[in-house]
Each structure stands twice: as C-alpha cells, then as structure tokens.
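Visitor: In the numbering used here, the protein residues as written are 182 to 344.
Glycine included, C-beta positions come from ideal geometry on N, C-alpha and C.
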C-alpha cells in the first residue's frame, strides 16, 4: 500500500472518532519508515488546549491499537493547527474568506505553482485568490497541494504584542 493510501485509510478510521469527541480533523500527515510518524491537527470552536490534544491522542492511540492499520512502529502527535493553519477543505476557504493565504498547486496556473494573497470568492470547485499585485487568480481546489493562512512577520509581531 502506498503512503497516500495508508494516509487515506488512517483518515477514514480516525476522522469519525475525532468528530465524535467534538473536534474537526484539520489535517493528517503520515510518514512511514523506521521512525514512522502520524501527525494530527485538530480544531474546534473556542480553540484547542493541551488537555484536548491529550484526550484525542489517547482515544486515537486506543483505536489504532485495536485496528492495527500500520505494521511498523510510529509516533503519534496531536496538536492544534496553529496560527498559520492549513486549509485542507473547501469549507476552510469559506471560513477564512478575506484572510491572507499561501497556496501551492500540483500544476502551473498562469505560469506558476505558488500564490499568495487574500482569499476571495469560493466557487463550486475553485477559490479566487486576490494576489498581492491586485490581480485575481482562480485556483481549482483539486489542484491545491498545500494551503495555509499567512501572516507577514510584522503582523505576527503585532498579534504577539496584543497577548
């Protein structure tokens, strides 16, 4: 089974459990090999605490022990998505419309694969990125390999000062 197939199987297994505990599985990263690793990024209204991560980690660990979907040793890590959180679903783009984003695509669009700007309109199968130069780029959701909220350093510094 390929790494992507194992990852998809893990999502299929883990996501219902995470949702039953009142959280959303934002992203699951899986790395195979001697030092295999499963990273879960979870979120919920009001944010995620260390206790929440521990709760999900224990529940997922028990689930994986029971189903044993991976034949090698691995480390399980559970965390919040962080400030520059990944956007992995259409609803994430809808939720953060108007926010700054960095996007990478699997194929070139308009001669490039990397875009940064503001999330504009969301269509059935694409998102409009209002680029920093003022142009709009329509990016098909199916071509997005990575998308994260993005804050320039000066904005992060301002956010940290407010805390």
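#1: Beta-carbon separation of residue 178 and residue 298 under 8 Å?
#2: Once DSSP output is grouped into helix, strand and coil, what is the label at residue 270?
#3: So, at 6 Å on beta carbons, what are the nonlocal neighbours of residue 288 in its own chain, with the 5 sequence-adjacent residues on each side left out?
#4: With H, G and I counted as helix, E and B as strand and the rest as coil, what does DSSP make of residue 264?
#5: Give the range of the beta strand (DSSP E) segment to which residue 210 is assigned.
#6: How long is the line joining the alpha carbons of residue 342 and residue 336, rounded to whole angstroms?
#7: What is the rounded straight-line gap between the Cα of residue 315 and the Cα of residue 207?
#8: With distances taken between CB atoms, is the gap from residue 303 to residue 275 smaller than 8 Å?
#9: Taking the C-alpha atoms as reference points, what is the distance between residue 247 and residue 241?
#10: One question on the structure: do residue 354 and residue 283 come within less than 8 Å of each other, judged by their Cβ atoms?
#11: Near residue 253, which residues of its chain fall below 6 Å by C-beta distance, leaving aside the five closest residues on each side in sequence?
#12: Nearest CA to the CA of residue 219: which residue from 230, 195, 265?
Guide: Working from what's here:
#1: Past the boundaries of the shown model lies residue 178; the chain is included only from 182 to 344, so the question cannot be answered.
#2: As a first step, residue 270 is located in the chain shown; it is residue number 89 there, counting from the start. Residue 270 falls in the coil class under three-state DSSP.
#3: One-based indexing of the chain shown puts residue 288 at position 107. If we look at residue 288 and ignore the five residues flanking it on each side, its Cβ neighbours are 324.
#4: For this step, residue 264 is matched to residue 83 along the chain shown. Of the three classes helix, strand and coil, the one that applies to residue 264 here is coil, per DSSP.
#5: If you number the chain shown from 1, residue 210 lands on position 29. Segment 205-212, the beta strand (DSSP E) holding residue 210.
#6: If you number the chain shown from 1, residue 342 lands on position 161. If you number the chain shown from 1, residue 336 lands on position 155. Residue 342 and residue 336: Cα-Cα distance of roughly 10 Å.
#7: For this step, residue 315 is matched to residue 134 along the chain shown. For this step, residue 207 is matched to residue 26 along the chain shown. So the two alpha carbons sit approximately 30 Å from each other.
#8: Position 122 of the chain shown, counting from 1, holds the residue named residue 303. Position 94 of the chain shown, counting from 1, holds the residue named residue 275. Contact annotation: residue 303 and residue 275 have beta-carbon atoms nearer than 8 Å.
#9: Counting from one through the chain shown, the residue named residue 247 turns up at place 66. Counting from one through the chain shown, the residue named residue 241 turns up at place 60. Each residue's Cα considered, the two are about 10 Å apart.
#10: This structure leaves residue 354 out entirely; the chain is present only between 182 and 344.
#11: By one-based count along the chain shown, residue 253 stands at place 72. So the qualifying residues of the chain are 217.
#12: Against the chain shown, residue 219 aligns to sequence position 38. Taking the Cα of residue 219 as reference, the smallest distance to any Cα among 230, 195, 265 is reached at 195.
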